[in-house]
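Participant: Numbering (this note's numbering), first residue to last: 423 to 919.
We put the CB at the ideal spot given by N, CA and C, even for glycine.
To start, I am sharing the structure in question, which I have written as structure tokens.
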Ligand code: SF4
């Protein structure tokens with residue numbers, strides 16, 4: 423029978439907001455595990471204690487920000503519009519239905535006032551909470567980097583002619599009667615011309631980079647993420663400009679992780695972008711197993727007769743190199759290089775060598791080899807890979823794929839990290855910390871049921887399953903029933919809660 427509702431607007435709501443938010447709502451579950459009692463003390467220095475207008479409650483503001491990040495509403499304007507009508511956000515942030523919400527610009531100013539270190543400590547506290555809940559292990563940590571598109575338009579991009587600027591500056595210095603020679607790079611003059619680079623004056627901290635050679639360059643930042651293996655908890659994040667090499671961030675990141683977890687990281691997995699000799703050597707010294715595929719040796723081009731550098735044997739003990747003809751190459755002491763150390767053959771040795779033509783060009787007088795930092799550790803890693811990684815190493819590297827890359831995928835699709843919401847390195851770093859904190863809190867909330875009723879139900883289910891499994895085992899033993907093919911007993915942790 424068709425009916426028509428007799429709708430009349432409520433004059434008042436006689437029910438606490440908590441009752442109106444479903445128990446399985448993410449904000450309700452997170453509220454059960456979120457502890458911000460320390461926040462007021464931590465931000466005390468950011469406010470004047472005896473003068474000025476009363477501030478917005480710091481806990482309420484942070485709860486508003488977190489509520490937005492949980493639901494992927496990362497822009498303040500959009501968040502405040504949503505909070506106006508969203509019961510769950512109002513309840514989570516501690517605003518009554520008729521209470522006026524803060525201006526959206528207040529959130530921006532508060533983020534700037536608190537600064538990135540405070541948001542780092544919010545993130546670290548979520549890691550500490552996960553550790554208390556037994557979710558974190560320092561056995562294996564997966565590290566990777568991802569690009570975050572900067573918040574600038576294509577139209578704002580312009581070209582920076584670095585070389586021209588340097589030339590103009592030099593000329594200006596000379597015309598000013600500056601007798602000092604321009605200080606620059608020592609050694610041979612640079613042969614390659616510096617390419618004019620694009621950048622955006624709207625956000626000069628962002629640099630042009632791409633995740634794949636097939637894609638065009640974009641103004642970006644780079645987030646360096648570390649995820650532990652046990653439950654996929656994020657244990658460290660940092661943000662650099664897009665062009666920063668992730669391999670050079672690795673050791674600092676491992677040090678930070680060890681400081682956060684207060685434990686030694688036993689194994690680190692990374693992709694080939696981190697395969698630097700210096701990384702292998704440092705991780706070896708620290709006693710950390712490096713599951714990093716070494717860089718592949720490029721195949722020789724057809725028709726290239728030059729003897730490749732790998733045929734020159736490095737002797738670490740005597741710090742010299744032996745060439746294919748048996749001569750020794752010694753270290754050049756006068757050439758400073760950030761890439762490694764140069765070794766040069768004696769011109770007298772090369773002069774009468776039968777391999778001379780295949781060894782170096784006609785213009786040069788002897789062969790020079792560059793040995794990068796941690797070269798021997800790199801060779802050991804390469805040998806280990808060529809022999810074939812053992813089963814557990816292969817398994818760890820497989821998990822690297824879906825653990826850390828999964829975190830990047832979720833942070834971009836569910837929490838709005840695909841594009842920066844603010845400009846400048848500090849704003850993007852704050853966004854990155856908040857995203858990581860929210861993802862950790864979600865893990866924590868999953869572990870803890872939201873209400874006592876749910877908790878009791880979980881306990882009862884666990885008890886029932888344990889009893890059923892014990893009964894089934896005894897029946898099997900009594901009647902000598904074989905385990906069905908493909909059957910695996912439930913994991914132990916199911917029965918320990
Ligand atoms: S040319 Fe010089 S460096 Fe090359 S193989 Fe002969 S002796 Fe060794």
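(1) Who are the Cβ neighbours of residue 429 in its own chain at under 7 Å, not counting the five residues just before and after it?
(2) Going by beta carbon distance, what residues of the same chain come within less than 7 Å of residue 523, once the five residues before and after it are set aside?
(3) May I have all residues whose beta carbon comes closer than 7 Å to any heavy atom of the ligand SF4, sorted in chain order?
(4) When you compare only the Cα positions, how much space is there between residue 641 and residue 484?
(5) Which of the three DSSP states, helix, strand or coil, is assigned to residue 373?
(6) Taking the runs of the beta strand (DSSP E) that are 3 residues or longer, which of them lie wholly in the region 774-859?
(7) For residue 783, I'd like the list of residues in its chain whose CB is within less than 7 Å of its CB, leaving aside the five on either flank, ordered along the chain.
(8) So who's on the other strand from residue 885, going by DSSP bridges?
(9) Quick check: residue 562 and residue 651, are their CB atoms within less than 8 Å of each other?
(10) What are the complete alpha helix (DSSP H) segments, minimum 4 residues, inside the region 467-512?
(11) Is residue 661 closer than 8 Å to residue 549 when the C-beta atoms are compared?
(12) Within the same chain, show all residues whose beta-carbon is closer than 6 Å to that of residue 672, passing over the 5 residues directly before and after it, in chain order.
(13) Could you spell out the range, first to last residue, of the beta strand (DSSP E) harbouring residue 929?
(14) DSSP three-state label for residue 696, please.
(15) Is residue 741 helix, strand or coil when you go by DSSP?
(16) Can you name, in chain order, every residue of its own chain whose Cβ lies under 7 Å from the Cβ of residue 397, other than the five neighbours on each side?
(17) At which residues does the beta strand (DSSP E) containing residue 569 begin and terminate?
(18) With DSSP collapsed to three states, give me the class of residue 539.
(19) Return the residue from the list 868, 545, 787, 519 that minimises the CA-CA distance to residue 556.
(20) When you compare only the Cα positions, how much space is there between residue 514 and residue 489?
(21) Do you know offhand how far residue 771's Cα is from residue 734's?
(22) Would you give the residue range spanned by the alpha helix (DSSP H) that residue 450 belongs to?
(23) Give me the Cα-Cα distance between residue 461 and residue 714, rounded to the nearest whole angstrom.
(24) Only counting the same chain, and skipping five residues up and downstream in sequence, which positions put a Cβ closer than 6 Å to that of residue 841?
(25) Mapping the DSSP letters down to three states, classify residue 762 as helix, strand or coil.
Facilitator: On the basis of the coordinates in this document:
(1) none
(2) 502, 505, 506, 517
(3) 729, 745, 746, 747, 749, 751, 767, 771, 772, 775, 777, 778, 781, 782, 788, 789
(4) 29 Å
(5) Beyond the ends of the chain as shown, which are 423 and 919, falls residue 373; an answer cannot be given.
(6) 790-794
(7) none
(8) DSSP output for residue 885 lists no bridge partner at all.
(9) yes
(10) 480-492, 498-507
(11) no
(12) 696, 701
(13) For the chain, the structure presents residues 423 to 919; residue 929 sits outside this window and is missing.
(14) helix
(15) coil
(16) Beyond the ends of the chain as shown, which are 423 and 919, falls residue 397; an answer cannot be given.
(17) 562-571
(18) helix
(19) 868
(20) 7 Å
(21) 15 Å
(22) 448-455
(23) 39 Å
(24) 571
(25) strand
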